[in-house]
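Terminal number for the sequence shown in our numbering: 684, no gaps in between.
Yeah, the Cβ is synthetic: ideal placement off N, Cα and C, and Gly gets one too.
None of the values given here were measured: they were computed from a predicted structure.
Structure first, then comments.
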Amino acid sequence: MSKRSINIRKYFSSFSVFIIIVLLLIQFFVLFYIFRSNMLLSQQYLKDNVKQIHTNVEKYLYQIENMGYFISTNWSFISLYSDEPFIKNNQAFGNTSQITSFVCGYDSSIVGVCAITPDGTVSNFFGGIFNDIFTDANLTSVFSNTKDFNRAFYFFDNEQEIMRDYFVYYAPIFEVGTQAHTATKVSTLVFICNKTAINRFLEYNQVENASAYSISDHNGMLIASNKSWDNNLSKNPLVKPDYSNLISKYGLYIQGISLSNRVNQNMHHLIMYLGIISAYIFLVLPWLMLSIRNYITRPVNNILTQLANYNSGDLKEHIQNTGIDEIDIVVENINKMIDNIRSITRQTFFMQDKLYESELRKTEAELYALQSQVNPHFLYNTLQCIRGLASLGRKEDVKNISLAMSDVFKYSIEPGEFVQIIEEIKIVYKYLLIHKIRFNNNLEYTIDIPEEILDCKIIKMVIQPVVENTMVHAYKDTDVLPKIYILARVCENDILFRIIDNGNGIDYETLLLINNQMKRSFSDSIKEISPLGQGLYNVHRRIQLNFGEKYGIVNVFSNPNGTEVNVLIPYQKFTD
């Protein structure tokens, strides 16, 4: 056999490179996973903040809207624009001043309250007057239109430097006694609010340079933003938000951009830690590989290579000697072990073949012997029944019972060991018909088999012999009307049959002997033949040989009111 040449230096050099590449890949995936996790956490943080800002701003605007509705529908405000005498109007003015003072005191972001009639007359109820709101073209058209009944917020363009930090809420004031179809707006209530509260919401849960938030309308006009947005993104109109949320009622968009999609300080520490470990590994690994290469000798490597060939079971060749005394001692012992394994293996295979053949022949012989007992036993009992009917002159019954017996007997001798449960049940019906004729129709029976198991697999002639045993032994020396129950149900992955009669029952000692008979081996039952329970033992043993020791006649119960036999088989669908 040609010797295999191995270049140890090349082998361990390649191995070292492989280890380095694997370590680099592991570090890459670790860093990628940490980076990805950091990004997902940052995005989740951004979404949570945008949703919270959305909630706060919506609540805030809704509060202002409610106060505006409260004031614009207040009777004092409406009275100001009625035709009542001046003194009443004067009282109404005092009341409205008190109401507006209370509202503005409740919400400090409301810095001014006034009312503007369609002709441009301004009534100031609180704070100063901002002339810019009266010159804004969009608002002027709202104030002058007596049919504009909208209640809405209006945010100024950022180019309006004086008003850029403010916004207004306006609501119509209707004429006294106005109905819905003839409504006329006599004035417009105006709240002048600063953006202090909104700006405070935009700084919610803010970490320095972590994220930026803004509010804009449906036209994209920037309404408010936090410091991070102003410092990083205000001069870059091409920047798109990472996440936005619409306040649909007011047509405002809450927008957020993450500014922390880079490795944070903790990640810097982790990268440094991984770098130090990698440097240490890359320094130690070459030294370790060099030491292994120097201390593993070629003879030992050759021995390992040859031993690897024995994994396939090839025991024909011996390990070659190396020429080194100490190692050759090990080689000689290995070769002796190989010879012993080879010898033991041959003997084991030979004994296994003999044992398998012996067990196979034994099982076949036992099955044949058990099967051969079924037909004569059934035939004898049935012929006895026919003889009794013939002696009574019941020719028609003899004819019917003979046909039924023919079907049963034909079924029992047909080739094949297994049938569907429905076939076995049909034969049980035939057999019970025989005995119903024998008992002058004084036989009642109930067969309850679930439809789902009718096509399952069963050994031929296992239920019928149990029923036959019942009919032969249960009703001797008794006048009771025979009643037979044949029931079945699925128990986990098995099928349990219950054959119940209302006969004399079995006395305790006999019942004990029958149950012990079920536990005997076939060879013991042949050596000591006992008529007691022999038919039941036949059924029990045939089931065990075909399905396993778990199955068979698992229980025989009895008392003076009758007997129950339980037969257990596995749940298996029948296939040809």
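Bounding residues of the beta strand (DSSP E) (the contiguous stretch that carries residue i)
{"i": "Y519", "result": "Taken as a continuous stretch (DSSP letters only), Y519 belongs to no beta strand (DSSP E), being part of the alpha helix (DSSP H) at 503 to 521."}
{"i": "F185", "result": "Segment 183 to 188 is the alpha helix (DSSP H) holding F185; no beta strand (DSSP E) there."}
{"i": "Y679", "result": "Segment: none, Y679 is in no beta strand (DSSP E) and carries neither H nor E."}
{"i": "Y616", "result": "No beta strand (DSSP E) contains Y616, which is instead part of the alpha helix (DSSP H) from 616 to 626."}
{"i": "G328", "result": "Looking at the DSSP string, G328 is not in any beta strand (DSSP E), and its letter there is neither H nor E."}
{"i": "I355", "result": "351 to 355"}
{"i": "S666", "result": "660 to 667"}
Residues of its chain near residue i, where Cβ-Cβ distance is below 8 Å and the 5 sequence neighbours each way are ignored
{"i": "V165", "result": "I306, F309, I323, I355, L360, I362"}
{"i": "N253", "result": "P226, K293"}
{"i": "D265", "result": "R272, M329"}
{"i": "P668", "result": "N612, G613"}
{"i": "D325", "result": "F263, I331, G359, L360, Y361"}
Span of the alpha helix (DSSP H) around residue i
{"i": "F242", "result": "240 to 243"}
{"i": "N232", "result": "Note, N232: premise wrong, no alpha helix (DSSP H); beta strand (DSSP E) at 230 to 235."}
{"i": "N577", "result": "571 to 581"}
{"i": "G643", "result": "642 to 655"}
{"i": "N302", "result": "From DSSP, N302 is part of no alpha helix (DSSP H) but of the beta strand (DSSP E) over 293 to 302."}
Straight-line gap, residue i to residue j (C-alpha atoms, nearest Å)
{"i": "Y476", "j": "I651", "result": "Unreliable positioning characterises Y476 in this predicted model, as indicated by a pLDDT of 43, which lies under 50. A coordinate reading is not provided."}
{"i": "E283", "j": "I224", "result": "14 Å"}
{"i": "H648", "j": "I607", "result": "14 Å"}
{"i": "L562", "j": "I530", "result": "5 Å"}
{"i": "I179", "j": "A332", "result": "27 Å"}
{"i": "M626", "j": "V506", "result": "36 Å"}
{"i": "D244", "j": "S319", "result": "34 Å"}
{"i": "K335", "j": "L154", "result": "16 Å"}
{"i": "R370", "j": "M147", "result": "Because R370 sits at a pLDDT of 40, beneath the cut-off of 50, its placement in the model cannot be relied upon, and the following sentence gives the value as read from the coordinates. Rounded to whole angstroms, R370 to M147 spans 8 Å at the Cα level."}
{"i": "T671", "j": "T618", "result": "12 Å"}
{"i": "V675", "j": "R502", "result": "36 Å"}
{"i": "K584", "j": "E525", "result": "33 Å"}
{"i": "N174", "j": "L367", "result": "37 Å"}
{"i": "N239", "j": "S150", "result": "44 Å"}
{"i": "G656", "j": "E532", "result": "20 Å"}
{"i": "V425", "j": "L653", "result": "The residue asked about is misnamed: residue 425 is Glu in this sequence, not Val. Near 45 Å, if we compare the C-alpha coordinates of L653 and E425."}
Whether residue i touches residue j by CB criterion (9 Å)
{"i": "I300", "j": "I241", "result": "yes"}
{"i": "L247", "j": "Y277", "result": "no"}
{"i": "Y82", "j": "F251", "result": "The structure shown does not extend to residue 82, since the chain spans only 109 to 684, so no value can be given for it."}
{"i": "L589", "j": "E552", "result": "yes"}
{"i": "V664", "j": "N610", "result": "no"}
{"i": "L216", "j": "T296", "result": "Here the sequence assigns Ser to residue 216, which means Leu is not the residue at that position. In this structure, T296 does not lie closer than 9 Å to S216 by Cβ."}
{"i": "I535", "j": "A596", "result": "no"}
{"i": "L541", "j": "I592", "result": "no"}
{"i": "K658", "j": "K565", "result": "no"}
{"i": "D615", "j": "P678", "result": "no"}
{"i": "F210", "j": "A200", "result": "no"}
Assigned secondary structure, residue i (DSSP; H/G/I helix, E/B strand, else coil)
{"i": "D556", "result": "strand"}
{"i": "I567", "result": "strand"}
{"i": "Q528", "result": "strand"}
{"i": "D256", "result": "coil"}
{"i": "L475", "result": "Here the model assigns L475 a pLDDT of 46, short of 50, so the residue's position is not dependable, and the following value carries that caveat. L475: helix per DSSP, three-state reduction."}
{"i": "L589", "result": "coil"}
{"i": "N146", "result": "helix"}
{"i": "D609", "result": "strand"}
{"i": "E672", "result": "strand"}
Own chain, CB closer than 6 Å to residue i, minus 5 neighbours either side, in chain order
{"i": "V527", "result": "K568"}
{"i": "T683", "result": "none"}
{"i": "I594", "result": "I555, I607"}
{"i": "I218", "result": "C212, F299, C301"}
{"i": "R259", "result": "A279"}
{"i": "P573", "result": "G643, V647"}
Cβ shell of residue i (< 7 Å), same chain only, five flanking positions each side left out
{"i": "N327", "result": "none"}
{"i": "A498", "result": "V506"}
{"i": "P349", "result": "Q363, G364, I365"}
{"i": "M662", "result": "The sequence shown places Val at residue 662, rather than the Met named in the question. Cβ within range, chain order: N674, L676."}
{"i": "L169", "result": "F261, Y358"}
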